[in-house]
Structure formats: structure tokens, C-alpha cells
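Notes follow once the structure below has been shown.
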Amino acid sequence: MKLKYANNLYDDGQVTEVYKIYNELQSETLWPKERFVLDLNRAKLFYDVGNYKRFIELLDTLSIDVKKYPKQESFYGILKAFYFEIKNEWSNAKIELENIYESTNKYHYKFQASNNIARIERFLGNEVSAKSYYEKAYEILKQKPNAKYFHIVIHNLLIAYARSKEIQEADNLLNDYFQLVDKKDSMQMIEYTNNMIHYAREIQDKKLLKKSYKIVEESIRKLLKDEQKIALEIYELRMRYNDNLDFEKYFSITFEKIKDKKDEFQLVAKLNILRELRHVLIQKIRTTPYPNNIKWIDYFEWCTNWNICLKIEIETSLKNTESSLSDVRVFWIGQLVELQKAKMAFPKMGEYFNIADLKQLIVYIDEMISIWAASENDTREINQIIHVLDEIYSYYEQTKDLLIVENFNEKISNYLKRADILLEKYWQRPDVSEFLISIAFFSLCYQNNKEVAIKWIDRFDSKQISLSHYAQFISIWYKEVKKLTK
Numbered sequence: 020m021k022l023k024y025a026n027n028l029y030d031d032g033q034v035t036e037v038y039k040i041y042n043e044l045q046s047e048t049l050w051p052k053e054r055f056v057l058d059l060n061r062a063k064l065f066y067d068v069g070n071y072k073r074f075i076e077l078l079d080t081l082s083i084d085v086k087k088y089p090k091q092e093s094f095y096g097i098l099k100a101f102y103f104e105i106k107n108e109w110s111n112a113k114i115e116l117e118n119i120y121e122s123t124n125k126y127h128y129k130f131q132a133s134n135n136i137a138r139i140e141r142f143l144g145n146e147v148s149a150k151s152y153y154e155k156a157y158e159i160l161k162q163k164p165n166a167k168y169f170h171i172v173i174h175n176l177l178i179a180y181a182r183s184k185e186i187q188e189a190d191n192l193l194n195d196y197f198q199l200v201d202k203k204d205s206m207q208m209i210e211y212t213n214n215m216i217h218y219a220r221e222i223q224d225k226k227l228l229k230k231s232y233k234i235v236e237e238s239i240r241k242l243l244k245d246e247q248k249i250a251l252e253i254y255e256l257r258m259r260y261n262d263n264l265d266f267e268k269y270f271s272i273t274f275e276k277i278k279d280k281k282d283e284f285q286l287v288a289k290l291n292i293l294r295e296l297r298h299v300l301i302q303k304i305r306t307t308p309y310p311n312n313i314k315w316i317d318y319f320e321w322c323t324n325w326n327i328c329l330k331i332e333i334e335t336s337l338k339n340t341e342s343s344l345s346d347v348r349v350f351w352i353g354q355l356v357e358l359q360k361a362k363m364a365f366p367k368m369g370e371y372f373n374i375a376d377l378k379q380l381i382v383y384i385d386e387m388i389s390i391w392a393a394s395e396n397d398t399r400e401i402n403q404i405i406h407v408l409d410e411i412y413s414y415y416e417q418t419k420d421l422l423i424v425e426n427f428n429e430k431i432s433n434y435l436k437r438a439d440i441l442l443e444k445y446w447q448r449p450d451v452s453e454f455l456i457s458i459a460f461f462s463l464c465y466q467n468n469k470e471v472a473i474k475w476i477d478r479f480d481s482k483q484i485s486l487s488h489y490a491q492f493i494s495i496w497y498k499e500v501k502k503l504t505k
């Protein structure tokens, strides 16, 4: 009963509370089967929070007894496939999932297996096969509808249809999707419109975009409480900016509501609001000429001051988070990173760059790197190494302050060496391809190491990936490396 309650909390994203309940259950007297099921759930939690060390250790223990509990073999198999993915053993992962798909009579596991095979196929660039498995997952979902999974599989299938230009199939899917959702459930309706928006963007259909906004106004807003309405409006602001749909008008309206209601939100809701506001304000400030951008900088400073007031709560939440919950700890440290960057952004006239501010920023990111290293989550560690290299480079480019070079030269060298070692293990993975460009670029910028830069840029070229898949700055870095290594 307690485990079922914990799993319901898990579906609501309450990972920290679930971990506490799992720990309480470990100290209770359980039947061997109950303990085995508990450990399966614990293993899944460790995987989901990115703590691969704890996940693999627990999975190895579970492998000893799995044959004793045949009803749990499908759950174990789903986790075993994750293990193979971590180890880059994609064929073994697919075989494990295909066995589940063929052998289980439980819709839940059959659906997960099909959806995960599709994800792997898409990850490996096999778009046709991926679409086929997404279609299988959707057929399973239609046989036994579960609102928890609607948005996941339908989003993936919509994007697959968009990329293969099967517009009629996508339109039919959207219509079927609308029939499946509960029109009185605000979350289901929001997920439905989000999927419509993402699909409309993929096929560049402005008419469909406007239709999605109309659904929000006419059907969803009336289902929401005041707090939910503001959260939705903030999310819409980024959409409106990207889609060029009355952004300034709606920003002013929403901002006034936030000022009036800000103390009514929970901490995570406040931080989510700040993240969305900062993101869209930075875009607006950078694309608005001076002096017209001054009012937008004032908005940004208001956000920063509000964020500073939340710092103690953030630090307390970090302190209270168990060390095993890697992703949760990184989330809270990431909030401190964002606050530190906000304090350093858009200095007033006469203000000068403070090296101490950058040092504190790097301390936070170093801690994130250490968490991923301790969790043996190598790809997340590489990502954070690139993050720290990028921050140092960015502030040097802005200030040309030689103190930055003097203070961080040894750290830069160590991180470049570490990234090189990790990339040797993982460079063939599709999800690290852009890292090859980043490390090539930073090897040149920081050390003028053409040998390393050429190695990684040549390996990227061997994948024959279009640069259009990446952000513009990645394309710029690629061209810079090619130019400097001729």
C-alpha cells in the first residue's frame, strides 16, 4: 500500500518524498517478493535521477533473483535495456525490449517496450523504423487508453509524421487525440495544445499555431485556478515571442499579474516563473537596440532582485536533498548558477567586471560536474565540463580581462583533458555529436591545440550530420575550427 502511494507521488514528480518512503520501506519487514519489487522501483528512481552508479549496482543485485519472480521479468527487462543504453550496447537494448514486446501480455510493459525501441531507433537515426514503433505504441495505447502516456507517444508520432511529410496522417492523429483527452482536465488539454504547437512549428503552419492559442483562450483558461492561469501565461510568453504574436502586449499584462501574486507561489513555481521570464527577456534585450532595450533591462533587474530574495530557500532545499538524488541536487545548484549569472548580466554604466563573481559561478558548476562524476554519468559530466568552459570563454570575450586567463588556466587544462578522455569512450553516440565541435573549438581557443581540434572535428565530419540540427553558435564554432585548422 505504501509502495503504491509512493509510486503515485512519483507520477506527480515528487522524487524527494518518494525516496524517503523507499528508504522507510527498506527498514521494514517485507516478504522477499515485496523487497524485490521495492528494489526494482528504487533502481528506476536512480536511473531517472541520473545516478548510474547506484542504478547499476542495484541492477546487478537484482539480476541474481529475477528468475524467482517471473511476473517482474518485464519490469526488470525495461531496466536492463536502460543498462545496455548506458553501456552503448544498442543492439542488446533493442533485443531486450523486443523480447518484452513479444512475450508480455501486460499493456503497460508492451507500450513501454515499443516506445523505448522507437526512441532508440530515432536516436540512432533510423527514422522509418522509429515511426513504425511509435505507431505500434499508439495502437497499444488506443486499446487501453492511459492519459499519463497520451502526450508522450502522440508527440513523438506527430513529429515523425511531420518529418516524413505525412501531413494527412498527422491531422488524423490530432483529431483522434482530441477525442481521447478529457475536455474537463486542464493538464490533458494543455498537453494536447502543446503537442499541436510543436507540430505546427515543425511544419511551419501559422494558422495551426493561432488555432492552438484560441483553444487555450476558449477552452483551457476557464478550467484553471488563478495560479495555474499565470503559469500558463508565462509559458505562453516564450511561445508568443518565438511566434511573433503580440508579445509586448501580453508581457505587460502578465508581468503585472506576477508582481501582484508572486508571494502566493511555491518555491519551484517561483523559480520556473523566473526561468521563463529571464529567458524571454534576454532574447528581447539582445534583439532590441539601445536605448529602447532599457525598459526590458529594468524588467530583468526586477526578476534578479526577486530571485536574490529566494536564495536562502534554494540553499536550504539543496542542503536537505539526499546525495544519491543527483539530478535533484543539480537542479538546486543550477538555480544558484542562474541567480549568479543574472547578477552578472547587463552591468550598469560605470560598473566593472568582478572576477570574484565569476569564481563563485565556477564553484557552483564545478559542484555539478563532481556530482555527475560521482554518479558515473559520463555524458552529463561532459556536458557540464563544456558548460564551465563556455562560461569562462564567454566572460573573457565580453571583458578581455586577463585575470580570467590567469585564474582559470589550470582548471581549463584539466577539464579539457578530462573531456578528451570521456569523448574517446562516447564520441560515436549520437547525443554527444555536438560535444565534438565544442571540445574542438575550446581546444583551439584555450590551448591552440590543432591536433586535438582536428581529431574531434574530423570525427564529427565522419558522422555526416547536418549543422542545421544544432543551435547557431555550434555552427559558428564549427566553421571557426575548420578555418583555423586548414
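For the record, in the sequence shown the residue sitting at position 73 is 92 according to the numbering used here, with numbers rising by one throughout.
All C-beta atoms, glycine included, are put in the ideal place defined by N, C-alpha and C.
Source: prediction; values computed, not measured.
Annotation: the continuous alpha helix (DSSP H) that includes Phe142 extends over Tyr126 to Phe142. Per the Cβ contact rule, the segment 125 to 137 is in contact with the segment 154 to 168 (3 or more Cβ pairs under 8 Å). Put simply, the backbone Cα of Ser345 is about 9 Å away from that of Tyr71. Taking all protein chains shown into account, Gln359 has 16 or more neighbouring C-beta atoms within 10 Å of its C-beta and is therefore buried. Between the C-alpha atoms of Lys241 and Lys203 there is a straight-line separation of about 10 Å. For Tyr232, the closest C-alpha among the options Glu221, Val147, Ile209 and Leu98 is that of Ile209.
One thing to note: Thr123 has its Cβ no nearer than 8 Å to the Cβ of Ser82.
Excluding the 5 residues flanking it on each side, Ile216 has same chain C-beta neighbours closer than 8 Å at Leu228, Ser231 and Met258, in chain order.
According to the DSSP assignment, Ile239 belongs to no alpha helix (DSSP H), since it is labelled neither H nor E. For Val382 and Val287, the gap between their C-alpha atoms comes out near 23 Å.
Gly353 sits in a helix when the DSSP states are folded into three classes. Going by DSSP, Phe454 is part of the alpha helix (DSSP H) stretching over Ser452 to Gln466. Taking the CA atoms as reference points, Lys314 sits about 20 Å from Leu264. Between the alpha carbons of Tyr168 and Gln466 lies a gap of roughly 48 Å.
Judged by DSSP secondary structure, Gln223 falls outside any alpha helix (DSSP H); it is assigned neither H nor E. For a cut-off of 8 Å, the C-beta gap from Ala181 to Glu221 is around 4 Å, short enough to register as a contact. Note that the C-beta distance between Asp385 and Val356 is not below 8 Å.
For Tyr95, the enclosing alpha helix (DSSP H) covers residues Glu92 to Ile105. Around the beta carbon of Ala490, a 10 Å sphere encloses fewer than 16 other beta carbons of the protein chains shown; the residue is thus reported as exposed.
Within a 10 Å sphere around the beta-carbon of Phe197 sit fewer than 16 other beta-carbons, which makes this residue exposed. When the alpha-carbon of Leu77 is set against those of Ile390, Glu320, Phe55 and Ile352, the nearest one is in Phe55.
Secondary structure note for Asn373: it is in no alpha helix (DSSP H), with a DSSP letter that is neither H nor E. In the structure shown, the three-state DSSP call for Lys436 is helix. In its chain, beyond the 5 residues on either side, no residue has a beta carbon closer than 7 Å to the beta carbon of Glu121. Remark: three or more beta-carbon pairs, one from each stretch, lie closer than 8 Å, so the segment 454 to 461 and the segment 496 to 503 are flagged as touching. DSSP places His174 in the uninterrupted alpha helix (DSSP H) bounded by Ala166 to Arg182.
Rounded to the nearest angstrom, the Cβ distance from Asn135 to Ala100 is 6 Å, consistent with a contact under 8 Å. When secondary structure is reduced to three states using DSSP, Met20 falls in the coil class, being assigned neither helix nor strand.
A Cβ-Cβ separation of about 6 Å places Gln354 in contact with Leu290 under the 8 Å criterion. Less than 8 Å divides the Cβ of Leu293 from the Cβ of Asn326. In the three-state DSSP reduction, Lys202 falls in the coil class, being neither helix nor strand. A contact is defined here as three or more CB-CB pairs under 8 Å, and the segment 57 to 65 meets this definition with respect to the segment 37 to 45. Around Ser336, the same chain offers Leu286 and Trp351 as residues with beta carbons nearer than 8 Å, after the five sequence neighbours per side are excluded. Glu252 and Asn312 have their C-alpha atoms some 22 Å from each other.
Here the alpha carbons of Leu177 and Glu267 stand approximately 31 Å from one another.
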